[in-house]
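Student: Protein chains in written order, with this note's numbering: chain X, 7 to 428; chain B, 7 to 428; chain G, 7 to 428. Heads up, the beta-carbon is just placed ideally off N, CA and C, and yes, glycines get one too. What follows is a structure written as structure tokens; I'll ask about it next.
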Amino acid sequence: MAADKLHGDLVAALTAIPLIDPHSHIDPYAPTSRTLDDILGYHYYTELAHSAGMSQAPLAADVPPVERVRAILGHIDRFNNTAQYRWLIDILQSFLGWESNHVSAADADALFAKSEAVFGQADWEQQVFEKTNLEKIFLTNEFDDSLEGFDTARYVPCLRTDGLVFQLNLPVIRERLAKRTGIQVGDAATLRAAIRKLFEHFVAHGARACAISLPPSFTPVHIPSAEIDRVLSGFEPNDADAAVRASAVFWTIAECCREFALPFDLMIGVNRRVYRNGVYQGQDLFDSRTSLVQYQELFNAFPDVVFPVSVLSSFQNQELVSHSWIFPNVITSGHWWYSNIPTYIASDLRARLQAVPKTKQIGYYSDAYKLEFVRPKFGMYRSVLAHVLADEFVRPGILSETQAVELGRQLLRENVRQIFKI
Amino acid sequence: MAADKLHGDLVAALTAIPLIDPHSHIDPYAPTSRTLDDILGYHYYTELAHSAGMSQAPLAADVPPVERVRAILGHIDRFNNTAQYRWLIDILQSFLGWESNHVSAADADALFAKSEAVFGQADWEQQVFEKTNLEKIFLTNEFDDSLEGFDTARYVPCLRTDGLVFQLNLPVIRERLAKRTGIQVGDAATLRAAIRKLFEHFVAHGARACAISLPPSFTPVHIPSAEIDRVLSGFEPNDADAAVRASAVFWTIAECCREFALPFDLMIGVNRRVYRNGVYQGQDLFDSRTSLVQYQELFNAFPDVVFPVSVLSSFQNQELVSHSWIFPNVITSGHWWYSNIPTYIASDLRARLQAVPKTKQIGYYSDAYKLEFVRPKFGMYRSVLAHVLADEFVRPGILSETQAVELGRQLLRENVRQIFKI
Amino acid sequence: MAADKLHGDLVAALTAIPLIDPHSHIDPYAPTSRTLDDILGYHYYTELAHSAGMSQAPLAADVPPVERVRAILGHIDRFNNTAQYRWLIDILQSFLGWESNHVSAADADALFAKSEAVFGQADWEQQVFEKTNLEKIFLTNEFDDSLEGFDTARYVPCLRTDGLVFQLNLPVIRERLAKRTGIQVGDAATLRAAIRKLFEHFVAHGARACAISLPPSFTPVHIPSAEIDRVLSGFEPNDADAAVRASAVFWTIAECCREFALPFDLMIGVNRRVYRNGVYQGQDLFDSRTSLVQYQELFNAFPDVVFPVSVLSSFQNQELVSHSWIFPNVITSGHWWYSNIPTYIASDLRARLQAVPKTKQIGYYSDAYKLEFVRPKFGMYRSVLAHVLADEFVRPGILSETQAVELGRQLLRENVRQIFKI
Ligand SMILES: [Zn+2]
Ligand SMILES: [Zn+2]
Ligand SMILES: [Zn+2]
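Written out as structure tokens, the structure reads:
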């Protein structure tokens with residue numbers, strides 16, 4: 007989409023809004039990149055380089071970072087058409103003083119050296135917050151992650167529950183849970199007690215959400231107590247009870263979200279390990295044979311729990327728009343992973359703005375692993391948002407430019423504050 | 007999409023075409039609104055207000071209309087971004103002399119009073135017809151609705167068959183059918199006789215279509231007579247024969263459509279009561295795990311029956327485009343419910359205009375419950391249609407402006423006249 | 007989409023790139039049309055005319071060609087809104103000196119006569135190549151097609167395997183295979199030997215690809231040898247082993263693609279004979295209840311085989327984009343059949359350009375049965391491509407006009423050369 011004056015003005019006004027990023031995978035003990043290797047090591051680059059022909063050899067742990075950077079930049083001319091490449095250029099320009107609109111293999115060593123110097127500054131974390139206009143960012147914590155030693159007002163804890171729901175059959179998960187809670191889970195009562203302990207701990211440390219990613223086949227249902235007792239009484243190798251147990255744990259977590267008034271982020275539709283020899287975090291895909299209707303029992307049973315829902319494709323987005331339009335407790339949340347490119351953001355966002363109450367839309371989250379990615383990702387979103395606001399609201403005379411920016415502020419900031427009680 | 011001179015000219019020309027609205031839920035005995043309460047009581051507003059946080063208390067029957075209007079307008083600042091809100095503004099501007107581009111809670115009492123006065127005029131119905139440039143509008147009649155006492159040339163009857171197909175197990179339906187037809191249905195022969203009686207009655211009263219809405223799982227097949235006899239011989243509480251009986255009744259109705267030369271409107275994909283505590287008419291959703299291929303036996307078996315097909319999502323629209331492109335008896339029909347917002351209309355319409363014979367497209371219907379909604383809904387459609395005609399036909403030099411308006415006339419009016427024999 | 011100077015310049019530059027068309031159904035012994043009947047006999051026109059009301063009588067073999075042309079043009083005013091109609095106008099303008107932007111029934115006889123004269127020129131084939139800027143075009147050969155007597159550098163053979171995979175239960179297929187290879191297939195070893203013979207023969211004659219079209223339900227899996235032996239040991243009327251045998255043959259073909267280093271074109275999602283009384287080649291549709299995840303075992307098992315994948319709908323395109331982004335061996339290939347209209351090309355192409363490495367995208371193929379269609383179909387694609395390049399890359403300042411043309415060249419030509427080793 008071509009830039010123009012109105013678009014530029016809207017982008018500028020939207021960029022002035024301080025960000026609260028409601029979903030990331032930032033490590034609060036190492037939030038920023040040490041070198042360009044941490045930037046190019048993001049799975050978006052390793053998987054695109056690998057998909058475009060790079061072997062996985064440069065990704066081995068013992069490869070010197072600068073060599074990995076050379077290898078990935080050595081393939082970048084094969085995928086410099088992508089949105090992800092634009093994030094990289096934005097990072098180079100915003101943080102490393104890069105002036106060109108492109109980068110190539112020949113730039114590897116100079117950029118690596120520059121990144122070491124810049125990212126190594128003592129106040130780099132603070133600089134990134136400022137250059138990003140970032141106020142707070144949510145984490146995604148394992149249930150036994152430490153929540154001490156960092157500023158939870160800045161790095162907001164969020165309880166990730168994938169392991170509890172889908173891997174409780176693994177002894178290591180049960181042992182970690184027992185170690186954290188002091189409770190050995192063996193029936194419905196101990197399950198609830200252990201999960202409540204986690205919630206108490208997280209809420210006491212400022213957690214503002216619970217989150218989980220879910221496979222396309224998942225259909226949560228209520229499991230009676232006696233049945234929960236049964237599927238928690240023993241774990242067999244073939245685990246025929248996996249689906250029932252997953253529902254049982256999931257439902258118990260939803261009950262705790264209700265009790266502790268935490269929104270439950272549902273990230274729906276990911277199939278894990280589809281490409282089994284893919285790079286780390288580059289193995290998962292989705293399956294279009296799925297429907298949000300699979301969650302109808304849940305949405306009906308928990309009217310008091312807010313469910314920010316993320317989906318992976320545009321056809322699921324149309325279901326999400328309709329569900330958010332009808333269910334008071336369903337919120338549209340961000341543009342996730344395979345839908346996080348401008349063309350899908352644009353069409354998905356247009357539909358949300360035309361059919362979902364504006365108070366029920368979480369515009370965007372970065373999903374970042376390193377703080378440097380918050381700026382380019384939100385920048386991409388704001389550019390698309392500005393186009394949609396200009397085309398659908400300002401140019402047809404529905405909203406003034408100022409009103410359009412207020413609508414943007416609602417999506418970017420105010421709804422995050424209200425939904426997560428910040 | 008931004009307005010421009012060409013767009014404005016096309017909209018003006020399209021607006022001059024008298025409308026025949028081929029699907030609505032107008033009550034011919036009370037076609038217009040009495041007050042703003044009838045406008046805001048439309049499920050699009052009650053469900054959006056409820057979705058945005060309004061309790062259902064104001065929707066109770068004993069709440070005074072003005073209080074309900076206050077409650078819904080009291081929440082409208084939460085969904086004044088939506089396409090449905092634009093319909094409301096259009097109604098206020100077109101019918102109530104409203105000059106602002108916005109409305110808020112503070113306007114409730116004044117607007118309610120104004121609406122009482124305006125809508126209460128003796129010739130209001132006629133005024134709405136004129137301000138809407140509306141010539142005829144189709145009804146959706148239950149099989150035992152009265153078809154007397156109104157002008158069937160203006161309000162065209164249409165036989166709705168949902169109850170017959172999906173609820174014949176209910177004694178109340180069978181009794182109403184027996185009362186209307188004098189026939190007690192108990193086997194294939196009496197089923198056919200009763201349905202033929204309904205068709206005779208409706209056709210004698212000017213009916214021009216038969217219609218039904220269908221769940222995503224429905225797959226009609228031909229049921230042998232002996233099997234129909236069996237599933238009509240008794241009705242058990244758990245109704246294990248429901249699917250077979252639905253196919254049997256549906257197929258018999260299709261046979262009558264063939265005999266009586268009535269088009270059979272199929273509105274495909276709605277899941278009823280997904281949000282069980284939703285507002286009235288605000289409980290239904292769709293399921294993307296469905297395909298028009300489920301109707302292949304039907305489309306093959308009835309080459310002489312015209313099937314105007316409506317779908318609920320853009321991915322189903324691509325199936326519909328392809329089916330209409332291939333099957334002579336499949337017609338694309340309107341933009342239904344969750345797909346009835348500008349962005350989905352635009353993309354669905356573009357595909358239809360590029361791939362389906364122009365004689366096989368019913369452009370739009372209002373689905374209105376009150377006459378006042380025909381104008382804003384068709385207005386939204388015409389605006390999108392004008393954009394698509396401008397971008398895809400006029401600006402690339404394929405059609406002149408006059409030819410583009412003729413193409414619009416075909417979709418808006420001529421196809422309705424030809425397909426429904428008006 | 008409106009034309010402008012930038013768009014025009016990009017189209018001109020893209021049109022100057024010589025084409026290698028990587029998929030067609032050209033008969034190398036009769037590559038061009040004899041008359042307008044061969045143009046209008048293309049299934050896109052016969053099915054649209056039939057869908058719009060034409061009986062199939064004019065399509066009978068004994069109807070004189072000029073009468074068939076009269077019949078189809080006699081219905082063209084019902085579908086002159088379509089993209090396929092624009093191809094026809096392009097052919098008339100490019101090859102028959104037609105100057106109008108439209109054609110109607112009244113033009114039938116004059117155009118037929120003109121076509122006979124023009125297409126009958128001795129050097130017509132060469133003229134079409136030149137007017138199309140066409141360098142090479144791939145064929146789609148049955149396994150026992152002759153590969154002699156034509157220039158395989160210009161008409162590149164491609165082994166079509168639909169019959170082997172899905173119809174080996176038919177005696178006629180097994181007999182043709184035995185006749186071609188000298189091998190009677192009866193177990194895993196003879197199956198492999200026979201297929202290897204086909205590959206040897208095709209590769210020796212310059213074949214550059216293997217291809218197959220696949221139904222939505224197909225899920226290829228590896229079948230153990232003993233099981234292959236069993237399903238090839240006998241063929242029963244009801245053929246309960248059809249799915250297992252299809253997987254066995256398909257997998258064996260994939261193994262030969264690996265051994266002979268041939269890309270395996272997968273054209274995924276077509277349901278055959280949905281409209282059973284449709285015109286020839288106008289009976290097939292798709293089913294949206296399908297997923298590329300069904301191919302995960304295949305993509306994992308054959309990392310060294312390149313799979314150019316075509317899909318039939320936009321929602322499958324989003325899956326394809328994600329799979330190509332992740333799997334090194336999955337290539338996006340063209341815009342197939344029901345997705346081959348400008349609006350779907352535009353949205354599908356936008357997503358591919360934003361998320362798939364540019365080296366992994368086969369921009370387009372004609373799927374033509376007669377050479378005259380290569381020009382209008384590629385012309386449609388280039389126009390859409392120019393719009394996307396202008397809007398997404400040139401106007402936002404990401405690429406210069408020259409760089410954008412280079413990106414187009416990669417999609418149109420360079421990737422075809424590299425992937426098919428030309
Ligand atoms: Zn995440
Ligand atoms: Zn309706
Ligand atoms: Zn083909």
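How is ALA215 of chain X classed by DSSP in three states: helix, strand or coil?
Tutor: Residue state, collapsed to three classes: strand.
Student: What's the call for SER106 of chain B, buried or exposed, on a 16-neighbour Cβ count within 10 Å?
Tutor: Exposed: under 16 other Cβ atoms inside 10 Å.
Student: Between the C-alpha atoms of HIS49 of chain X and VAL171 of chain X, what's the straight-line distance to the nearest angstrom?
Tutor: HIS49 of chain X and VAL171 of chain X: Cα-Cα distance of roughly 25 Å.
Student: Using a beta-carbon distance below 7 Å, is GLY103 of chain G in contact with chain B?
Tutor: Closer than 7 Å: no.
Student: Would the beta-carbon of GLN289 of chain G fall within 7 Å of that of TYR281 of chain G?
Tutor: In this structure, TYR281 of chain G lies closer than 7 Å to GLN289 of chain G by Cβ.
Student: For a minimum of 4 consecutive residues, which ranges assigned as the alpha helix (DSSP H) are wholly contained in the stretch 16 to 42 of chain G?
Tutor: As far as the stretch 16 to 42 of chain G is concerned, it has no whole alpha helix (DSSP H) run of at least 4 residues.
Student: For HIS211 of chain B, which residues in chain G fall below 9 Å Cβ to Cβ?
Tutor: Going along chain G, no residue has its Cβ under 9 Å from HIS211 of chain B, so there is no contact; the nearest lies around 29 Å.
Student: Would you tell me roughly how many angstroms separate the C-alpha atoms of ALA159 of chain X and LEU145 of chain X, rounded to the nearest one?
Tutor: About 11 Å.
Student: Would a check of beta-carbon distances place PHE85 of chain X closer than 7 Å to chain G?
Tutor: It does: the Cβ of PHE85 of chain X has a partner Cβ on chain G nearer than 7 Å.
Student: Taking all protein chains shown into account, do 16 or more other C-beta atoms lie within 10 angstroms of the C-beta of GLY284 of chain B, making it buried, or fewer, making it exposed?
Tutor: When all chains shown are included, GLY284 of chain B counts as buried.
Student: For PHE308 of chain X, collect the residues of the same chain with a Cβ closer than 7 Å to its Cβ; drop the 5 residues on either side in sequence, then sort them by chain order.
Tutor: Only ALA260, ARG264, ASN335 meet the Cβ criterion.
Student: For a minimum of 4 consecutive residues, which ranges assigned as the alpha helix (DSSP H) are wholly contained in the stretch 110 to 192 of chain B?
Tutor: List check, alpha helix (DSSP H) in window: 114 to 125, 130 to 138, 168 to 172, 177 to 187.
Student: Answer yes or no: the CB of ASP27 of chain G versus the heavy atoms of ligand 3, is any distance below 6 Å?
Tutor: No, the Cβ of ASP27 of chain G stays beyond 6 Å of every heavy atom of ligand 3.
Student: By the three-class DSSP mapping on this structure, what secondary structure does ASP271 of chain G have?
Tutor: It is a strand residue.
Student: Going by DSSP, which residues form a beta bridge with PRO314 of chain X?
Tutor: Answer by DSSP bridge pairing, in chain order: X:ILE337.
Student: Does the beta carbon of PRO348 of chain X sit closer than 7 Å to a beta carbon anywhere in chain B?
Tutor: Not an interface residue.
Student: Could you check whether the stretch 345 to 353 of chain G touches the stretch 356 to 369 of chain B, counting it as contact only if at least three pairs of C-beta atoms, one from each stretch, sit closer than 8 Å?
Tutor: Contact holds: three or more Cβ-Cβ distances are below 8 Å.
Student: Under 6 Å from any heavy atom of ligand 3, does the C-beta of ASP373 of chain G make it?
Tutor: Checking every heavy atom of ligand 3 against the Cβ of ASP373 of chain G, one is found closer than 6 Å.
Student: What residues in its chain sit with their C-beta under 8 Å from that of ARG279 of chain X, if we drop five residues either side in the sequence?
Tutor: Cβ within range, chain order: GLN289, ASP290.
Student: Relative to the C-alpha of ILE95 of chain G, which candidate in G:ALA410, G:SER110, G:ARG84 has its C-alpha closest?
Tutor: Closest by alpha carbon: G:SER110.
Student: Answer with yes or no whether the minimum CB distance from SER294 of chain G to chain B is below 7 Å.
Tutor: Yes, its Cβ sits closer than 7 Å to a Cβ of chain B.
Student: Would you decide whether ALA77 of chain B is buried or exposed? Buried here means 16 or more other CB atoms lie within 10 Å of its CB.
Tutor: Buried: at least 16 other Cβ atoms inside 10 Å.
Student: Hey, out of X:TYR91, X:VAL422, X:GLU131, whose CA is closest to PHE156 of chain X's CA?
Tutor: Taking only the C-alpha atoms, the option nearest PHE156 of chain X is X:GLU131.
Student: Please say whether ASN175 of chain G and PRO24 of chain G have beta carbons closer to each other than 7 Å?
Tutor: The answer is no: Cβ separation not under 7 Å.
Student: Kindly give me the distance between the Cβ atoms of ILE218 of chain B and THR167 of chain B, rounded to whole angstroms, as I take these residues to be in contact under 8 Å.
Tutor: About 5 Å separates the two Cβ atoms, so the contact holds.
Student: Starting from the C-beta of THR338 of chain G, find all residues in its chain whose C-beta is less than 6 Å away, skip the five residues before and the five after it, and write them out in chain order.
Tutor: LEU326, SER330, ARG358, VAL362, GLN367.
Student: Using a 10 Å radius around the Cβ and a threshold of 16 neighbouring Cβ atoms, would you call ARG74 of chain G buried or exposed?
Tutor: Answer is buried; the Cβ neighbour count reaches 16.
Student: Is LEU4 of chain B helix, strand or coil by DSSP?
Tutor: Lying outside 7 to 428, the shown extent of chain B, residue 4 of chain B is not represented and no answer is given.
Student: Judging by CA-CA distance, which residue of B:ARG251, B:ALA116, B:ASP83 is the nearest neighbour of THR41 of chain B?
Tutor: Of B:ARG251, B:ALA116, B:ASP83, the residue nearest in Cα terms is B:ALA116.
Student: So ILE26 of chain G and LYS142 of chain G are in contact, right, with Cβ under 8 Å, and what is the actual spacing, rounded?
Tutor: The Cβ separation is near 5 Å, so the contact holds.
Student: Below 6 Å CB to CB, which residues in the same chain sit around THR196 of chain X once its five sequence neighbours on both sides are set aside?
Tutor: ILE189, listed in sequence order.
Student: So, with DSSP's three-state summary, where would you put PHE292 of chain G?
Tutor: Three-state result, PHE292 of chain G: strand.
Student: Put VAL394 of chain X into one of helix, strand or coil per three-state DSSP.
Tutor: Helix at VAL394 of chain X.
Student: Is VAL276 of chain B helix, strand or coil by DSSP?
Tutor: Three-state DSSP puts VAL276 of chain B in a strand.
Student: What's the C-alpha gap between LYS185 of chain G and LYS383 of chain G?
Tutor: Cα to Cα, LYS185 of chain G sits roughly 38 Å from LYS383 of chain G.
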